[in-house]
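Taking it in order: structure first as structure tokens, then the write-up.
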Amino acid sequence: MPVWLVCSMALALLLSAAAWGAERLLQRRGRTTRWLWLAAIAASVLLPLAWLPGVLAAMPAEQAQLKLGWFVLSMGMLLILLLRSVWLLSHQRRWQKSTLLGTPVFLSGGIGPCVAGLLRPRIVMPVWLRLILPQQQALLLAHEQCRLAARDPLLLAVAYALIVLMPWNLPLWWQLHRLRFAIEVDCDARMLAHGHALRAYAIVLRQHGQYYSGLTGASPIVLSDPLALRRRRQIMGRFTRDQAANLL
């Protein structure tokens, strides 16, 4: 089994490198990259699992602790995700139904801007949003509407479900990081395709990106990383209107 574990991580590394190269090509052509990283995660998990029954059948009894450790890690990650979901549900009771620029939203004390929920995703906005300019409110709302239309919570939930099966596979976590970044880049392109000005949108990202909810399945408006935000602005600068429209 140790050989299988090493081979599984090596396969994930190879798929990560391949996806990294393909991502750069797709970005230059103005194509979505989220499905590329989700496919890399799925292949990194499902291909090794196809070989696992034979590996377990030939595994010596003295290596049984490896199976126990795997089980503990998977159950631990699953428990963390469930606890965070319960935490989110407990906060939903205090959210206030409202409208923002004619769009139904939920107002929270400190969560958002984000899309929260899996079966019934909804736009969650913090109450401080009422203190900023209406133009910025419109951009933040449009961003979350793009996220809602793209079903980002469901996509992330699938990725987390796959990683629960192999939480010890470190390259998978890097692939998840790249998936989250790809989701943000795709959302940026959709914003530009809808006609929003790059400069105004970038200002909103810079000024309000620090409000990071940290919710599982509810991505923040930007990753909590100045370098990631700078990289996103560079990518947006290369998009033409026609390229961005490919993501609609």
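Using the working numbering, you'd call the opening residue of the sequence shown number -6 and step up by one each time. Glycine included, C-beta positions come from ideal geometry on N, C-alpha and C.
Beta-ladder partner(s) of residue i, from DSSP
i      : result
Phe174 : Looking at the DSSP assignment, Phe174 forms no beta bridge with any residue, so it has no partner.
Lys90  : Phe99
Cys107 : Val117
Residue i burial status per 10 Å Cβ neighbour count (16 or more: buried)
i      : result
Thr92  : exposed
Gly188 : exposed
Cys0   : exposed
Ile73  : exposed
Gly69  : exposed
Ser212 : Confidence is the limiting factor: at Ser212 the pLDDT is only 43, short of 50, which leaves the residue's position unreliable, though a coordinate-based value still follows. Label assigned to Ser212: buried.
Val65  : exposed
Arg173 : buried
Pro95  : In the sequence under discussion, the amino acid at residue 95 is Gly, which differs from the Pro named in the question. Result: exposed.
Pro53  : exposed
Leu220 : exposed
Val120 : exposed
Gly105 : buried
Leu122 : buried
Leu40  : exposed
Leu134 : buried
Closest Cα partner of residue i within the set the options
i      : options                          : result
Ile228 : Glu177, Gln200 and Leu76         : Glu177
Gly110 : Gln129, Val79 and Gln130         : Val79
Val117 : Gln200, Leu141, Gln128 and Gly47 : Leu141
Pro97  : Gln129, Gln168 and Glu137        : Glu137
Leu31  : Leu155, Leu112 and Ile104        : Leu155
Arg86  : Phe99, Ala175, Gly95 and Leu75   : Phe99
Leu62  : Ile125, Pro46 and Trp161         : According to the sequence shown, residue 62 is Gly rather than Leu. Among Ile125, Pro46 and Trp161, the Cα nearest to that of Gly62 is on Trp161.
Leu124 : His201, Arg231 and Gln168        : His201
Ala35  : Leu169, Met184, Gly47 and Val120 : Leu169
Arg27  : Ile196, Ala190 and Arg171        : Arg171
Arg115 : Leu82, Leu75 and Leu7            : Leu82
Inter-residue Cα distance where the pair is residue i and residue j
i      : j       : result
Glu16  : Ala10   : 10 Å
Tyr194 : Ala182  : 11 Å
Leu149 : Arg77   : 14 Å
Ala43  : Trp13   : 24 Å
Leu163 : Pro(-5) : 15 Å
Ala186 : Trp(-3) : 45 Å
Cys180 : Ala131  : 15 Å
Ser101 : Leu59   : 44 Å
Leu147 : Ser37   : 19 Å
Lys90  : Arg144  : 21 Å
Ser67  : Gln128  : 44 Å
His84  : Arg113  : 15 Å
Arg225 : Arg199  : 11 Å
Trp167 : Ala5    : 10 Å
Cys139 : Leu158  : 30 Å
Residue i (DSSP reduced to helix, strand or coil)
i       : result
Pro119  : strand
Ala190  : coil
Met(-6) : coil
Gly23   : coil
Trp161  : coil
Ile144  : At residue 144 the sequence reads Arg, which differs from the Ile that was named. Correct three-state label for Arg144: coil.
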